[in-house]
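Residues in the first sequence are numbered consecutively from 21, following the numbering used here. Ideal placement from N, C-alpha and C gives every residue a C-beta, glycine not left out.
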Amino acid sequence: MATVSMDDLVALCRRRGFIFQSSEIYGGINGFWDYGPLGTLLKRNLKQAWWNDMVERELVGPDGQPVDIVGVDCTIIMNPKVWEASGHVGGFNDPMVDCKESKARYRADHLMCLGLKGDKVGQIFAYVESDDTSLAQARRKLEKYIKRELADGDIDRCAFTALSAGERAITVGPDAKTPGTLTEPRQFNLMFKTNVGAVEDPTNIAYLRPETAQGIFANFDNVLNSTRVRVPFGIAQVGKAFRNEVTPRNFTFRSREFEQMEIEFFIRPDSAAEWYAWWRDSRFRWWQSIGLSSGNLQLREHASDELAHYAKAGAGTSDIEYRFPFTAPGFGELEGVAHRSDFDLRQHATHCGKGDKMRYFDQERNERYFPHVIEPSAGADRGTLALLCEAYTPDPARPSGVVMRFHPRMAPVKAGVFPLVNKDGMPEVAERLYRDLRKRHVVEYDPKQSIGKRYARMDEAGTPYCFTIDGDTLTNQTVTVRHRDTLEQSRIAIDQVPAWLDERLG
RNA sequence: GCGGGUGUAGCUCAGUGGUAGAGCGCCACCUUGCCAAGGUGGAUGUCGAGGGUUCAAGUCCCUUCACCCGCUCCA
Numbered sequence: 021m022a023t024v025s026m027d028d029l030v031a032l033c034r035r036r037g038f039i040f041q042s043s044e045i046y047g048g049i050n051g052f053w054d055y056g057p058l059g060t061l062l063k064r065n066l067k068q069a070w071w072n073d074m075v076e077r078e079l080v081g082p083d084g085q086p087v088d089i090v091g092v093d094c095t096i097i098m099n100p101k102v103w104e105a106s107g108h109v110g111g112f113n114d115p116m117v118d119c120k121e122s123k124a125r126y127r128a129d130h131l132m133c134l135g136l137k138g139d140k141v142g143q144i145f146a147y148v149e150s151d152d153t154s155l156a157q158a159r160r161k162l163e164k165y166i167k168r169e170l171a172d173g174d175i176d177r178c179a180f181t182a183l184s185a186g187e188r189a190i191t192v193g194p195d196a197k198t199p200g201t202l203t204e205p206r207q208f209n210l211m212f213k214t215n216v217g218a219v220e221d222p223t224n225i226a227y228l229r230p231e232t233a234q235g236i237f238a239n240f241d242n243v244l245n246s247t248r249v250r251v252p253f254g255i256a257q258v259g260k261a262f263r264n265e266v267t268p269r270n271f272t273f274r275s276r277e278f279e280q281m282e283i284e285f286f287i288r289p290d291s292a293a294e295w296y297a298w299w300r301d302s303r304f305r306w307w308q309s310i311g312l313s314s315g316n317l318q319l320r321e322h323a324s325d326e327l328a329h330y331a332k333a334g335a336g337t338s339d340i341e342y343r344f345p346f347t348a349p350g351f352g353e354l355e356g357v358a359h360r361s362d363f364d365l366r367q368h369a370t371h372c373g374k375g376d377k378m379r380y381f382d383q384e385r386n387e388r389y390f391p392h393v394i395e396p397s398a399g400a401d402r403g404t405l406a407l408l409c410e411a412y413t414p415d416p417a418r419p420s421g422v423v424m425r426f427h428p429r430m431a432p433v434k435a436g437v438f439p440l441v442n443k444d445g446m447p448e449v450a451e452r453l454y455r456d457l458r459k460r461h462v463v464e465y466d467p468k469q470s471i472g473k474r475y476a477r478m479d480e481a482g483t484p485y486c487f488t489i490d491g492d493t494l495t496n497q498t499v500t501v502r503h504r505d506t507l508e509q510s511r512i513a514i515d516q517v518p519a520w521l522d523e524r525l526g
């Protein structure tokens, strides 16, 4: 792929109204982005395609049977106990320690310390847990400080988090020489906090959801009782989620407010491997189907040491990854497909005290069990960003200098309708065609300036087709079709234009 | 959080302590007969923000915000 400059893409997004920085007139705010008119259409097309293809249209599963998926739309703020059950209140807090000397940052719970047994005033040496080099280095520094070789029995070990402020002051960092350069552990709370009720009080703390998945699990029993779904089935949700990321970076890729498209697919525990593989492969094909078909898309199976706590014993976790300009030659995650086992339903069963409600009664097998879950969890903003990156094609040969080659189904504007010149009855005919097409599609009418400028503007917006009414239209009822990607022109009858467009947009 | 870089019109960028500029784009009219043609006219700036030095700051100093790169982090 040609090297796409992220700066140029960001500039185009601003200039043409795909993406703006949030609250830009006040200097912006780190990690938050707004979608402009074209960007909103693009992102809606992505989300609509996902909803149509996953929930509304027929999907055929690995067993040849139709796949059943129903939708929910849950609140962003939930009872805070949900996040205790899910593990986010505990797991989302990583205390961090910075070293003022080496400028390195460590997870406090990954730091261990060495000291001379019984010594309360000498120096303590920190090292990184399960890092043998770091351990050996700390031991060498300790021996040098004590000025003799030490046996294992002479050495005290403890966690950095167990040290008092006084002890931290005499502690030497893993990559430092002088003591006292490590800061006290600082909490990085990745969940946004708020208060429910007008009075701020520790008793009414709530969180903005860090994932949409828990709304689905919390409604598992409601969906079972209100619909006729039977395992295997899925519950889908599209919605905002919030994470107080340490470092928002790379345009919209790591935003603090973002939108997810998630399915929790509930299955019999013994069919996990089959469904996991099917979801992984069909989600990969889906991204290809909306235009990410080049070599920029890859499927990556997680190594066992990077599996999340809920996926340890499962059939696996895969990332569907896209080669973004800022990750190239590496890849960045678009969607994760994880076998979450029965972790979440079990957690909620324990925490809410209604164990049986979270279990599923399988009438066919006459047994009650916690279904296992395959979770395809996609980022709508990351998907939109990938569509933008994939579409962005510099082309010095054309007047715009760049063309956005969106898949027609994703393109924000499906067609432009122009009178070749703004007189001689052409605008009237063009406007009639525009109003006719507009009944079903997003199309634009533009009678102003030269025809070349109008084609160029449509190239930048990624509009796949333009229909131009000229002198011949008035006599033989045909129009010119201009194709964005090939610059090719052909003529078709004006009354066939709506059907011609429908056919190409699916 | 740390280190480095950047910030002037919608965009790309000039700007020597002394009146805020250009090209492109945008808008109107004319012209225009298939790829940003031409003419005439027009609108557009808290020079990222706040403070300071100075007779005078886009320019020098301090603080801060945002973006980019690296480190760190990413349940």
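In this structure, what does DSSP give as the bridge partners for residue i?
i    : result
F40  : D54
G259 : Q280
T500 : T488 and R511
I529 : Outside the shown range of the chain, which is 21 to 526, sits residue 529, and nothing can be said about it.
H392 : I287
G375 : For G375, which the question treats as bridged, DSSP gives no partner whatsoever.
V441 : For V441, which the question treats as bridged, DSSP gives no partner whatsoever.
C33  : For C33, which the question treats as bridged, DSSP gives no partner whatsoever.
R125 : D118
Answer yes or no: do residue i and residue j have a C-beta to C-beta separation smaller than 9 angstroms?
i    : j    : result
D522 : G491 : no
C409 : P345 : yes
R504 : V423 : yes
M98  : R303 : no
L440 : T500 : yes
L61  : F271 : no
W103 : Y227 : yes
R502 : P428 : no
L202 : V266 : no
F253 : V393 : no
L131 : P86  : no
G134 : A146 : Per the sequence shown, residue 134 should be read as Leu rather than Gly. Cβ atoms of L134 and A146: closer than 9 angstroms.
G235 : Y296 : no
A196 : C119 : yes
R418 : L507 : yes
D139 : D172 : no
Quick one: residues in its chain with C-beta nearer than 7 angstroms to the C-beta of residue i, no 5 flanking neighbours on either side, listed in chain order?
i    : result
R300 : L319, S338 and V357
Y465 : V437, A450, E451 and Y454
W520 : I512
P268 : N50, G51, R274, S275 and R276
D401 : T272, S275, F278 and E279
P396 : I283, W299, R303, E355 and V357
G48  : Q41 and S42
E169 : E163
S324 : none
Between residue i and the rest of its own chain, which residues show a CB-CB distance below 8 angstroms, the 5 nearest in sequence each way excluded?
i    : result
A31  : none
P518 : D456, L457 and R460
E341 : L317, Q318, L319, R320, F351, G352, E353 and L354
I190 : V141, G142, Q143, I144, P199 and G200
A22  : Caution applies to A22, whose pLDDT of 47 falls short of 50 and renders its modelled position unreliable; the value that the coordinates give is listed next. Closer than 8 angstroms at the Cβ level, and outside the excluded window around A22, lie T413 and P414.
L136 : G142, L162, I166, L170, D174, I175 and D176
Could you check how far apart the C-beta atoms of residue i and residue j are, in whole angstroms? I think they sit under 8 angstroms.
i    : j    : result
F38  : G51  : Their Cβ separation, rounded to whole angstroms, is 18 angstroms, which puts F38 and G51 out of contact at 8 angstroms.
H359 : A292 : 5 angstroms
A256 : G91  : 5 angstroms
M430 : G311 : 6 angstroms
L66  : A481 : Not really, about 16 angstroms apart at Cβ, beyond 8 angstroms.
V117 : P222 : Incorrect: roughly 26 angstroms between the Cβ atoms, too far for contact.
Y165 : V148 : Their Cβ separation, rounded to whole angstroms, is 19 angstroms, which puts Y165 and V148 out of contact at 8 angstroms.
Please work out which residues of its chain come closer than 6 angstroms, Cβ to Cβ, to residue i, disregarding the five sequence neighbours upstream and downstream, and give them in chain order.
i    : result
D241 : K377
D10  : Not covered by the structure: residue 10. The range shown for the chain is 21 to 526.
T232 : Q257, G259, A261, Q280 and E282
Q157 : none
D54  : F40 and S42
A218 : none
F381 : R388
P289 : H392
P447 : P439 and P467
V243 : I255
Under 8 angstroms: does the beta carbon of residue i sit that close to some heavy atom of the ligand SAH?
i    : result
Q509 : This structure lacks the ligand SAH; in fact it carries no ligand of any kind.
To test your reading of the DSSP string, which unbroken alpha helix (DSSP H) runs of 4 or more residues are found completely within the segment 184-249? List check, alpha helix (DSSP H) in window: 185-189, 233-238 and 240-246.
As an exercise, report each continuous alpha helix (DSSP H) stretch of at least 4 residues that is fully enclosed by the segment 299-372, in chain order. The DSSP assignment places complete alpha helix (DSSP H) segments of no fewer than 4 residues inside the segment 299-372 at 363-372, in order along the chain.
In chain order, each beta strand (DSSP E) run of at least 3 residues that lies wholly inside the segment 137-193: Positions of the beta strand (DSSP E) runs, each at least 3 residues long and wholly inside the segment 137-193, are given as 144-148 and 175-179 in order along the chain.
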